[in-house]
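First residue of the sequence shown: 76, per the working numbering; consecutive thereafter.
Before any comments, here is the structure.
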Amino acid sequence: MTATWEKKEGNEGVLSVTVPAEKVDKAIDQAFKKVVKQINVPGFRKGKVPRQIFEQRFGVEALYQDAVDILLPEAYGEAIDEAGIKPVDQPEINVTSIEKGEDMTFEANVVVEPEVELGEYKGLEVEKQNTELTEEELQESIDHQLGHLAEMVVKEDGAVENGDTVNIDFDGYVDGEQFEGGQAEGYDLEIGSGSFIPGFEEQLVGVKAGEEKDVTVTFPEEYHAEELAGKEATFKTKVNEIKYKDVPELNDEIANELDAEANSVDEYKDNLRKRLAEQKATEAENTQKEEAINKATNNTTINIPEAMIKTELDRMVQEFGQRMQQQGLNLETYFQISGQDESQLREQMKDDAEERVKTNLTLTAIADAEEVEVTDADIDKELEKMSEQFNISVEDIKQTLGNTDIVKNDVRIQKVIDLLVEEAKLVEPSKDDSEA
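Rendered as structure tokens:
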């Protein structure tokens with residue numbers, strides 16, 4: 076078999092392939108064995124028609140399409156290997172000739188991985204991240220954990236404050252008319268959560284249980300319901316009940332409830348301080364990695380084929396659907412609630428999909444340029460890490476994956492990311508960032 080690759084405009088080209096006659100004849104023989112089982116010829120039992128009789132009655136040409144179907148998968152696979160190209164989409168194939176006793180020729184219009192023009196990726200300036208844990212951060216975490224133990228208590232007297240949960244009835248109007256989805260009774264809303272239209276929650280501060288208030292807000296311009304976007308609405312609102320969080324004071328007993336390994340407040344704080352410090356160090360490391368990756372990617376020039384973006388979009392929509400299922404929703408229900416459809420969701424995701432593809436191509440190109448290698452020991456170490464993380468045996472992971480190619484690629488990319496950070500120049504944050 077021979078294959079020649081002719082690059083055309085952009086990332087497209089034509090792969091011209093010749094399959095030798097002996098393979099063609101063998102495929103025609105296989106096609107006959109398949110087809111003869113499906114035809115009826117008077118005087119012969121089904122499947123027992125001699126080849127000569129078949130060809131006299133139907134012609135050898137009747138076998139060509141099945142022979143092509145047999146030949147193409149293997150021939151195309153061998154051809155792309157011989158040409159050294161990496162297709163990113165299904166090819167458009169045109170069989171130019173097939174005949175018994177002759178070579179078969181076909182042309183494949185192929186979209187391939189783009190050429191990657193790497194820019195600067197060593198010595199990148201990356202902002203140094205502050206890893207020092209402050210007492211304020213420690214106290215914030217303590218307050219957050221204590222909040223989980225808080226009980227909601229009805230506020231018998233007094234008005235709504237930030238952090239309270241109010242039970243409300245509301246009836247919304249736009250231009251004096253009620254609108255769909257603008258009414259509810261017995262709705263619980265945490266003031267300050269930001270879960271309602273901007274400006275709504277703040278206007279309930281100071282209202283007492285049993286009181287009514289007209290809340291006037293403006294829907295955001297990008298609101299999912301287009302008929303309401305940018306419009307002013309008035310919600311006739313009644314506060315039925317107000318509850319506040321009764322947060323327990325931190326003592327030795329509560330400390331042990333929050334951390335079974337702590338027998339006192341001091342031990343609890345020490346353990347929490349250690350965990351938070353480790354967490355902050357990890358976050359700082361990840362932030363520096365992300366900045367290095369972004370800068371290396373921005374310095375790279377690539378003409379990305381639409382086929383690669385589409386494939387990544389398909390993957391992202393699938394991942395989004397899986398996340399929705401974990402929340403008890405399917406995509407169809409999500410689209411009904413959000414007022415979107417799949418095309419709008421894909422349009423929202425398109426920039427991120429393109430960035431993902433560009434990042435992956437950039438990191439892969441750096442791995443090639445730096446001749447990054449992954450050893451069996453590297454793969455075993457990663458499998459052990461996955462086993463510990465997901466509480467699954469290494470053998471089960473291998474069986475699920477089928478092979479370790481995905482793990483090998485992940486380790487290779489991680490080595491590139493580590494290289495970017497190691498080669499980067501850590502600089503102090505700019506004044507604006509440090510003041511923010």
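The beta-carbon is built from N, C-alpha and C at its ideal position, and this holds for glycine as well.
Fair warning: this is a prediction, and the values are worked out from it, not measured in the lab.
Cβ atoms of F310 and F275 come within 8 Å of each other, at about 7 Å.
Assignment of beta-bridge partners to I441 by DSSP yields no partner. Less than 8 Å divides the Cβ of A102 from the Cβ of A142.
Take A234, set aside five residues on each side of it, and the residues of its chain with a beta-carbon closer than 7 Å to its own are G281, V282, K283, in chain order. If you draw a straight line from the Cα of D246 to the Cα of K203, it comes to about 51 Å. The shortest C-alpha to C-alpha distance from Q165 to any of A78, L90, V392 is the one to L90. Scanning E190, E297, L351, G269 for the CA closest to the CA of S413 turns up E297. Distance from the CA atom of D455 to the CA atom of R431, rounded to whole angstroms, is 27 Å. Of all C-beta pairs linking the stretch 476 to 483 to the stretch 161 to 178, fewer than three are shorter than 8 Å, placing the two stretches out of contact.
Only residues of its own chain outside the window of five on either side were considered, and among them A330, N331, Y343, N346 have a CB closer than 7 Å to the CB of A337, listed in chain order. Ranked by how close their Cα comes to the Cα of D250, the residues L279, I243, T206, G305 have G305 in first place. In its chain, beyond the 5 residues on either side, K318, Y319, D321 have a beta carbon closer than 7 Å to the beta carbon of V228. The beta carbon of N374 lies closer than 7 Å to those of G194, E195, Y196 in the same chain, with the five residues before and after it left out. By the CB criterion at 8 Å, L199 and A367 fall inside the cutoff.
Taking C-beta atoms as the reference points, G159 and N378 fail to come closer than 8 Å.
The residue among A382, Q464, H223, A428 with its C-alpha nearest the C-alpha of M391 is A428. Between P380 and V185 the beta-carbon gap is near 11 Å, outside 8 Å, which marks them as no contact. By alpha-carbon distance to V340, the top candidate from D327, Q127, R350 is D327. By the Cβ-count criterion, F465 is exposed, with fewer than 16 other Cβ atoms from all chains shown falling within 10 Å of its own Cβ. The beta carbons of V486 and D453 sit closer together than 8 Å. Only exposed fits P323, as fewer than 16 other CB atoms lie within 10 angstroms of its CB.
Bridge partners of Y248 according to DSSP: Q253, T309. Here A308 is actually not in contact with Y262; their C-beta atoms are around 16 Å apart, not less than 8 Å. It is roughly 11 Å from the alpha-carbon of N315 to the alpha-carbon of K230. When secondary structure is reduced to three states using DSSP, Q402 falls in the coil class, being assigned neither helix nor strand. For T171, there is no enclosing alpha helix (DSSP H); the residue is found in the beta strand (DSSP E) stretching over 167 to 172. Contact between V110 and L146 is ruled out by a C-beta separation of about 15 Å, above the 8 Å threshold. Distance from the Cα of E260 is smallest, within the candidate group N242, Q402, A442, K433, for N242. In summary, I467 is exposed, with fewer than 16 beta-carbon neighbours lying within 10 Å of its beta-carbon over all protein chains present. DSSP links F181 through a beta bridge to V92, V170. Around the beta-carbon of L501, fewer than 16 other beta-carbon atoms lie within 10 Å, marking it exposed. V469 is classed as exposed because its beta carbon has fewer than 16 other beta carbons within 10 Å across all chains shown. Separation of E286 and Q258 (C-alpha to C-alpha, rounded to the nearest whole angstrom) is 18 Å.
For A367, there is no enclosing beta strand (DSSP E); the residue is part of the alpha helix (DSSP H) that begins and ends at 340 to 373. Per DSSP, T475 is one residue of the alpha helix (DSSP H) stretching across 469 to 476.
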